Amino acid sequence: MLATSFLPLALLILAVLGLQKMGVKQEHGAEAVLMAAAKADGKTIGEIENFRWQIELFDSMPEELQLALLESSLEDMAEIDEMMGKLVASWSTGDIEAMAALLNESMRDDPGLAKLLLTDRNARWAEWIDERLDKPGTVFMAVGAGHRGGPDSVQAMLEKKGIESQRVEG
Numbered sequence: 000m001l002a003t004s005f006l007p008l009a010l011l012i013l014a015v016l017g018l019q020k021m022g023v024k025q026e027h028g029a030e031a032v033l034m035a036a037a038k039a040d041g042k043t044i045g046e047i048e049n050f051r052w053q054i055e056l057f058d059s060m061p062e063e064l065q066l067a068l069l070e071s072s073l074e075d076m077a078e079i080d081e082m083m084g085k086l087v088a089s090w091s092t093g094d095i096e097a098m099a100a101l102l103n104e105s106m107r108d109d110p111g112l113a114k115l116l117l118t119d120r121n122a123r124w125a126e127w128i129d130e131r132l133d134k135p136g137t138v139f140m141a142v143g144a145g146h147r148g149g150p151d152s153v154q155a156m157l158e159k160k161g162i163e164s165q166r167v168e169g
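Numbering (numbering that gives the first Met the number 0), first residue to last: 0 to 169.
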């Protein structure tokens with residue numbers, strides 16, 4: 000494992016390039032839109048994971064896994080148009096399960112990767128939400144679509160704790 004590995008950054012750059020190739024603009028993404036709305040309303044903005052934490056998560060993977068993920072990402076670039084079409088279609092119809100399946104397809108063959116990138120993080124977020132509910136005030140929390148589908152989704156983990164959650168239409 001390389002402490003200053005370039006592989007996590009290479010993965011991020013590939014993802015951004017793929018989206019740019021499709022004509023997707025960062026300022027139109029869910030995170031950017033939600034952040035702008037929160038700022039315009041004078042809301043406090045926080046985060047459970049920051050960018051550095053996420054890069055360190057990737058960097059904590061064994062180098063062989065990082066290389067395999069990079070190779071897989073390069074192969075996926077050839078099919079980005081088709082995948083984005085499917086993602087947009089599932090997003091438009093609100094089919095979270097289909098969207099999560101598409102986003103997480105590359106992890107199907109590696110349960111360890113899915114555990115690291117999804118299951119463990121979802122469990123940590125559900126725990127944070129559970130603890131936050133014991134404090135006064137209202138909190139809006141948004142998570143990426145890949146974290147919202149399947150038996151290990153944030154919602155499923157909240158449900159196991161007896162916490163009801165719902166999708167906000169917008």
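All C-beta atoms, glycine included, are put in the ideal place defined by N, C-alpha and C. Model, not experiment: these values are computed from the prediction.
Buried or exposed by the 16-neighbour rule on C-beta atoms within 10 Å, applied to residue i
{"i": "M140", "result": "exposed"}
{"i": "I128", "result": "buried"}
{"i": "R120", "result": "buried"}
{"i": "F57", "result": "buried"}
Terminal residues of the alpha helix (DSSP H) in which residue i lies
{"i": "E170", "result": "Residue numbering for the chain in the displayed model covers 0 to 169; residue 170 lies beyond these limits and cannot be assessed."}
{"i": "K24", "result": "That residue, K24, is in no alpha helix (DSSP H); it is neither H nor E in DSSP."}
{"i": "M60", "result": "It is not in any alpha helix (DSSP H) - M60 carries neither H nor E in the DSSP assignment."}
{"i": "L116", "result": "Unbroken run through L116: none, as it is neither H nor E."}
{"i": "D109", "result": "Note, D109: premise wrong, no alpha helix (DSSP H); not H, not E."}
Inter-residue Cα distance where the pair is residue i and residue j
{"i": "Q19", "j": "H27", "result": "12 Å"}
{"i": "E46", "j": "G136", "result": "16 Å"}
{"i": "A37", "j": "D108", "result": "38 Å"}
{"i": "S72", "j": "L13", "result": "7 Å"}
{"i": "S91", "j": "G84", "result": "11 Å"}
Given residue i as reference, the closest of the options once Cα atoms are compared
{"i": "A155", "options": "I54, L117, G93", "result": "L117"}
{"i": "D151", "options": "R51, G45, E130, A113", "result": "A113"}
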